[in-house]
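Colleague: In our numbering, the protein residues as written are 4 to 102. We treat Cβ as the ideally placed atom computed from N, Cα and C, and that holds for glycine.
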């Protein structure tokens with residue numbers, strides 16, 4: 004299956020995934036069953052906005068306002084990888100139109 008994340012998709016963390024701050028490592032981590040994934044700053048910033056309300060385009064705009072230049076394709080690529088791993092769920096634009 005060829006997955007593409009679009010600007011109208013609304014990402015959210017999967018139910019079994021938690022974003023938290025590890026005080027020992029002083030970094031944000033994704034907590035999964037039996038796994039902890041260390042995040043860099045930009046990954047944590049993207050995932051903090053993955054609440055099911057923001058579209059991918061809104062996430063890119065928000066990060067662009069904070070950091071000046073945020074490549075849309077890099078955000079979509081990052082989210083595509085996490086969707087493929089089932090760490091992030093998407094509500095697609097057409098699901099909202101039908102719902």
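Please give me, in chain order, every unbroken run of the alpha helix (DSSP H) with length at least 4 that falls completely inside the stretch 4-83.
Modeller: If we require 4 residues or more, the alpha helix (DSSP H) runs fully inside the stretch 4-83 come out as 44-51, 59-70.
Colleague: For residue 93, write down the residues that DSSP places opposite it in a beta bridge.
Modeller: Answer by DSSP bridge pairing, in chain order: 14.
Colleague: For residue 74, count the other beta carbons within 10 Å of its own beta carbon; 16 or more makes it buried, fewer makes it exposed. Which is it?
Modeller: So residue 74 counts as exposed.
Colleague: Any contact of the stretch 26-39 with the stretch 59-77, i.e. 3+ C-beta pairs under 8 Å?
Modeller: Because the criterion of three Cβ pairs below 8 Å is not met, the stretch 26-39 and the stretch 59-77 do not touch.
Colleague: Quick check: the Cα distance between residue 101 and residue 94, rounded to an integer number of angstroms?
Modeller: At residue 101 the pLDDT is 48, less than 50, meaning the model places this residue with poor confidence; the figure from the coordinates comes in the next sentence. Roughly 11 Å between the two C-alpha positions.
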